[in-house]
Amino acid sequence: MESSTEAYVYYDPTKQNAWVDAILNGLGPNKQRYYKVASLQLVTLLVIVIAKTEYFSAISEVETTSCAVGLMNMIGNKGGCAVRLRLYDSYLCFVVSHLAAFTNNCERRNQDFREIAKRVLFKHQSDPSLAYLSHAWNGGGDEGVAYLAHHGTVLDSSKQASVFHADHLIWLGDLNYRINLSEAEVKQRLAVNNYEELLDYDQLMIERRAGRTFPMFEEGPVEFAPTYKFDAGTDRYDTSAKRRAPSWTDRILWKKPILGREGLTQLNYNNCMAMMLSDHKPVQSVFRAQIRELNRQKQSATRRALQQQLTETPEEMAKGTISSSFIEFDDVQFLEYKEKTLVLENTGQVVAPFYFLAKLDEAQAIPPWLQVSPQQGLLGPGEKILLQFEIMIDASVSAPFNQGQELSHILILRLENAKDFFISIRGNYQRTCFGVPLHLLSPMTIPSVNAEASLTSPPERRKHLLQSAKTTLANPSDPPGSVSPSSSSSSLSTSQQANLPKELWRLLTFLWNKNMLTLPNLFLEHGDRMICDYIRKCLDAGDTFDPSILLGEEEDQTQEAVGANSVIDVLVAFLECLPEPVIPTQFYAEALAASDAPDRIKLLKDKLPPLYRNVLLYITSFLADAIQYAPAAVKQDRRSCIVSLFTVLLRPDLAYKETNPALAQLKKEKLISHLLSIA
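Using this note's numbering, the first residue of the sequence shown is number 11, and each one after it goes up by one.
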């Protein structure tokens, strides 16, 4: 796939179709015996699954998904595409990924693996005939699923599946792990085909042995030459000025099987030196897989026999106990993962089903901010089961808690033919500025953590703010003192600050000066997660930023860039978490239409509520200055990244059905580009 800067931002489906056609045409006379099961493109990444037509009726539940882990975990120059499918009664998953580049970015590659593994989730409908599979995956016996739980991934296993919820998982692509030797040292060993010694310095081998990346995967013997980097169109290693050291960047790994199960058998693993299209040489592998096919007749007969055995058991009421009726999460931070457990025991003499029951006035048994696993099951006499309760308040559910709703709920756990158990779930949510609507955050003069008085006491105050917000959205007339920013400003005036949430003003003020805007790597790299967390806590508590933490103790452009990019990370996260985006959802369709007619953009801006219009003007003016003051060598790259990143300024309502997501993304980017041009 093309890897130019423009390719990171714009998606062209014709290239995906061209690759599919090329693969099928490459099969020659056998082309008619094969068909495309699925394909998915994420900018420069593409995964395609081809199968024989004889398996058409045996393949079902085909799902595709992707996740970007490039700049801000949003730009698709790095990330993963995945396909999950069911073949007969086995699940297969294929992940294609492109991880962070450069020799010194080993930890970043490890982090990219973790992010892709955590964030690639598929839709999944449980099949009762394969319930034992779900138990094996989610009951702690699968190393991959346990890895996700350890790293804070929360998923509803009755509706979602991770890449590890598969009988066979193959992960391949440009993993970008390098060799920890100089170019000369690598080529010296290659001259005598000394692969074994080179592999001792291979970063992927080193990191896997240490358990820092791909810990649950296997790789076959690497007995072929490094696949990167070549002079394009040749089999000659890089002779350009950069002279990259040859490395095995392109790899194929597969997940170890669960103990006692048949896994994959690798029959071949090699590179393709004859391919000359790229500065990489492709790798290829052939596997043999054991595929499950259930005997439905035997399964039904066994079920009937068990049912008969149960009905012949003397009637007796089920009995049970739970270890506690209270789940206390204590203080809960925004985006913080917490888990608690309790034990349900069947103390009776009969088999007893259990499940969670919705209250009469509620549609769901479990609130959206809580995950419970398992949610249903069957307990034999004397059997116990551990119920896990997981909580993580993200932007999709945080709004009511930031507005004063208590973090509490009563769950009803039913043990069939026994009494119901009532489980009290409680936590103390620590309010944050993230996930609070602009019209509630803007008039707030105290830190978010102390916002209880503003949002919940007295109730009339909260009601007034909500009513004020509705009036604001309905009446777009300018309030007294409303101002617009100037793109030549290096900071915001006091009157301008009054029209911004104080948290947004603080972020922009830190960045909006020539020292920051002229940093070469601004917007082009990630910040530091610990610094991002520090910034978020400062915003919530109203604490002053410590320059030594953000910029370092001494004048150091590298540390300054890390601090500045951390602030940008937080800025984008703040905008992404807004329940109502800067361009409100009611204007989404009009905004997309304006992307093709720049003369309509002014009309669109005039329709926005004053607060939202001012926020949009401040942000686009800042971004225009960020592009203007960018060093010439990175100006175009910075502009491309900004355009893609700040599509977070608009999004549709949750109920909106996007007919062409790729085209919509392109239109959003065009709109942002126009807004920057006229800021």
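Cβ coordinates follow ideal geometry from the N, Cα and C atoms, glycine included.
Listed as beta-bridge partners of residue 78 by DSSP are 89.
The continuous beta strand (DSSP E) containing residue 436 extends over residues 430-439.
The three-state secondary structure of residue 252, taken from DSSP, is coil. Within a 10 Å sphere around the beta-carbon of residue 517 sit 16 or more other beta-carbons, which makes this residue buried. Residue 413 is positioned such that its CB atom lies no closer than 8 Å to that of residue 451. The DSSP-derived three-state label of residue 401 is strand. Take the alpha-carbon of residue 436 and the one of residue 424: they are about 20 Å apart. Per DSSP, residue 522 has no beta bridge partner at all.
The residues 217, 222, 223, in chain order, have a CB closer than 7 Å to that of residue 120 in the same chain once the five nearest residues on each side in sequence are set aside. Residue 604 counts as buried, since no fewer than 16 other beta carbons sit within 10 angstroms of its beta carbon.
For a cut-off of 8 Å, the C-beta gap from residue 353 to residue 394 is around 5 Å, short enough to register as a contact. 254 is the residue among 525, 566, 254, 33 whose C-alpha sits nearest the C-alpha of residue 114. Secondary structure in the region 153-182: the beta strand (DSSP E) runs of 3 residues or longer, each lying completely within the stretch, are 170-172 in chain order. Only exposed fits residue 367, as fewer than 16 other CB atoms lie within 10 angstroms of its CB.
For residue 294, there is no enclosing alpha helix (DSSP H); the residue is found in the beta strand (DSSP E) stretching over 293-299. 8 Å or more divides the Cβ of residue 143 from the Cβ of residue 93. Look at the beta carbons and you see the region 589-599 not touching the region 541-555: under three pairs across the two are nearer than 8 Å. Burial check for residue 38: the Cβ neighbour count within 10 Å stays below 16, so the residue is exposed. By the neighbour-count criterion, in which a residue is buried when 16 or more other Cβ atoms sit within 10 angstroms of its Cβ, residue 96 is buried. Taking residue 52 as the centre and dropping the five residues before and after it, the same chain places the C-beta of 76, 78, 86, 89, 91 closer than 7 Å to its C-beta, in chain order. Residue range 409-412 is occupied by the alpha helix (DSSP H) that includes residue 410. Counting C-beta pairs with one atom in each stretch, the region 560-580 and the region 596-603 have fewer than three that are closer than 8 Å, which means they do not touch.
Per the DSSP secondary-structure output, residue 420 pairs in a beta bridge with 434. With a beta-carbon spacing of about 6 Å, residue 655 and residue 582 fall inside the 8 Å limit used to define contacts. Distance from the CA atom of residue 203 to the CA atom of residue 233, rounded to whole angstroms, is 10 Å.
If the five residues before and after residue 528 are omitted, its C-beta is found closer than 8 Å to the C-beta atoms of 639, 640, 641, all from its own chain and listed in chain order. Between the region 259-273 and the region 183-191, the count of C-beta pairs closer than 8 Å reaches three or more; the two stretches touch.
Taken atom to atom, the span from the alpha-carbon of residue 388 to that of residue 124 is near 34 Å. For residue 179 and residue 225, the gap between their C-alpha atoms comes out near 14 Å.
Of all alpha-carbon atoms in 356, 47, 41, the one lying nearest the alpha-carbon of residue 73 is that of 47. Secondary structure of residue 330 (DSSP, three-state): strand. Assignment of beta-bridge partners to residue 240 by DSSP yields 247. Using a 10 angstroms sphere on the CB of residue 666, the tally of other CB atoms stays under 16, which defines it as exposed. Between the region 281-290 and the region 233-242 there are three or more inter-stretch CB-CB distances shorter than 8 Å, so the stretches are counted as touching. Runs of the beta strand (DSSP E) lying entirely within the region 100-141, each at least 3 residues long, are 100-108, 131-133 in chain order. Residue 330 is not a Cβ neighbour of residue 305, given a cutoff of 8 Å.
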